[in-house]
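For the sequence shown, position 120 matches number 1609 in the numbering used here, and the numbering has no gaps at all.
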Amino acid sequence: MLGQPLRAAVGLEVYVPADLNTDLLGTFSGEVDRQGTPREVALRKARLGMNAAGLTLGLASEGSFGPDPQLLFVSADHELLGFVDDGLGIEVVEQILSPKTNFAHDAARTFEDLKDFLARARFPSHGLIVRPNSGLQPGLLFKGITKTAALKEALERCASASEDGLAHVETDMRAHMNPTRRQVLLEVAVGLGRRLATLCPECLTPGWGLVDVVRGLPCEWCGGETELVSAEIHGCPLCEYRESNPRSDGLRVAPPGECSWCNP
Ligand SMILES: [Zn+2]
Ligand SMILES: [Zn+2]
């Protein structure tokens, strides 16, 4: 899935080593906690694949889901791809924050209670995970549910085993269970391909792109600094060279609604 855009951009072939268990680095469903930032986890996963395959190049994705930090009531998919090239001595990370996600959870006693949730979760084209609402119990974690009969059975078993009589139901965010996430992953792979095809203007190493942002976009009314991004910093994965560019979306002043002075 990630292969096509990377092949098209820079001629890389993606190879998935057999028997690679990245669940050891954490799972979405919470059996194993993830250690470190998404960036650290993605790069660690890439190195795990490189060791398994005996290659000097590695690629791994890491997704996290939750409320959008700007729009607190809207879910967002933060998708990150980590790329390692030990031949060049670089680590390149490309990421996006996309509002395109079905990420959601609910607690229910019966299938009928779930009607609204199932529409939001885009079941059955998107998979679900079910467990007892009061917490994980051995043998009661059902992943990758895409059939109504299986969902009903999991609900019944988990609800009756839960202290509060409810089953916890959540969207299965693993890429093979989630076509919406696959779309976002494709977008970030296109972004990584573009980035690997872009050379540092100073040392000509591939991977030039966004590495940081500067906040403080001036308010349209009072000119005071807001929390909005004012500049995008592009950088090289190898040398220290950086360039500061104005926002790529063309916004030069912040709406007064973003200003703590004009709209406290
Ligand atoms: Zn203001
Ligand atoms: Zn450079």
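For each residue, glycine too, the CB sits at the ideal point set by N, CA and C.
Extent of the continuous alpha helix (DSSP H) to which residue i belongs
i, result
"L1681", "1668 to 1685"
"K1632", "Looking at the DSSP string, K1632 is not in any alpha helix (DSSP H); the run it does join, the beta strand (DSSP E), is 1631 to 1634."
"A1656", "Not the alpha helix (DSSP H): A1656 falls in the beta strand (DSSP E), residues 1656 to 1660."
"A1542", "1527 to 1542"
"L1640", "1637 to 1650"
DSSP beta-bridge partners of residue i
i, result
"L1607", "In DSSP, L1607 forms no bridge with anything."
"F1572", "L1548, V1581"
"C1708", "A1743"
"V1702", "E1721"
"D1566", "F1554, S1587"
"P1695", "L1688"
First and last residue of the uninterrupted beta strand (DSSP E) at residue i
i, result
"G1500", "No beta strand (DSSP E) holds G1500; DSSP gives it neither H nor E."
"A1596", "1594 to 1597"
"S1550", "1546 to 1556"
"E1732", "1731 to 1735"
"R1620", "1617 to 1621"
"E1601", "Neither: E1601 is in no beta strand (DSSP E) and is coded neither H nor E."
"G1724", "1718 to 1724"
Residues near residue i in its chain [Cβ-Cβ closer than 7 Å; skip 5 each side]
i, result
"P1744", "E1709"
"V1532", "Per the sequence shown, residue 1532 should be read as Leu rather than Val. Here the set comprises G1571, V1573, E1580."
"G1682", "P1494, L1495, A1497, A1498, V1499"
"E1645", "none"
"R1536", "G1547, V1573"
"A1541", "P1506, L1509"
"G1633", "G1616, D1661, M1666"
Contacts around residue i, its chain only, beta-carbon distance under 8 Å, and the 5 residues preceding and following it disregarded
i, result
"N1667", "N1591, H1615, G1616, T1660, D1661"
"R1609", "N1591, A1593"
"C1647", "V1619, R1620, P1621, N1622, L1629, F1631, A1656, H1657"
"D1738", "none"
"L1727", "L1577, G1578, I1579, C1689, C1692, T1694, G1696"
"A1597", "L1603, F1606, L1644, A1648, L1655, A1656, V1658"
"W1750", "C1708, C1711, G1713"
Beta-carbon spacing of residue i, residue j below 8 Å
i, j, result
"D1451", "V1658", "Outside the modelled stretch of the chain, which goes from 1490 to 1753, sits residue 1451, for which no answer is possible."
"Q1626", "A1650", "yes"
"G1538", "L1495", "no"
"S1623", "D1602", "no"
"S1564", "D1557", "yes"
"G1698", "T1687", "yes"
"A1638", "V1619", "no"
"P1613", "K1589", "no"
"I1722", "R1736", "no"
"R1684", "E1529", "no"
"M1490", "L1674", "yes"
"F1600", "L1640", "yes"
Close Cβ partners of residue i (< 6 Å) along its chain, the five nearest in sequence each way excluded
i, result
"G1705", "E1714, S1719"
"P1527", "E1551, S1553, L1569"
"L1586", "A1565, H1567"
"H1665", "none"
"P1690", "none"
"V1703", "S1719, A1720"
beta-carbon residue i near ligand 4 non-hydrogen atom, thresh 7 Å
i, result
"P1613", "This structure simply doesn't include ligand 4; it includes ligand 1 and ligand 2 instead."
**Message:** Give the residues whose C-beta lies closer than 7 Å to at least one heavy atom of ligand 2, in chain order.
**Reply:** Counting only beta-carbon distances shorter than 7 Å to the non-hydrogen atoms of ligand 2, the qualifying residues in chain order are C1689, E1691, C1692, T1694, C1725, L1727, C1728, Y1730.
**Asked** Listed in chain order, which residues are found with a beta carbon closer than 6 Å to a heavy atom of ligand 1?
**Response** Chain-ordered, the residues whose CB falls short of 6 Å from any heavy atom of ligand 1 come out as C1708, W1710, C1711, G1713, P1745, C1748, W1750, C1751.
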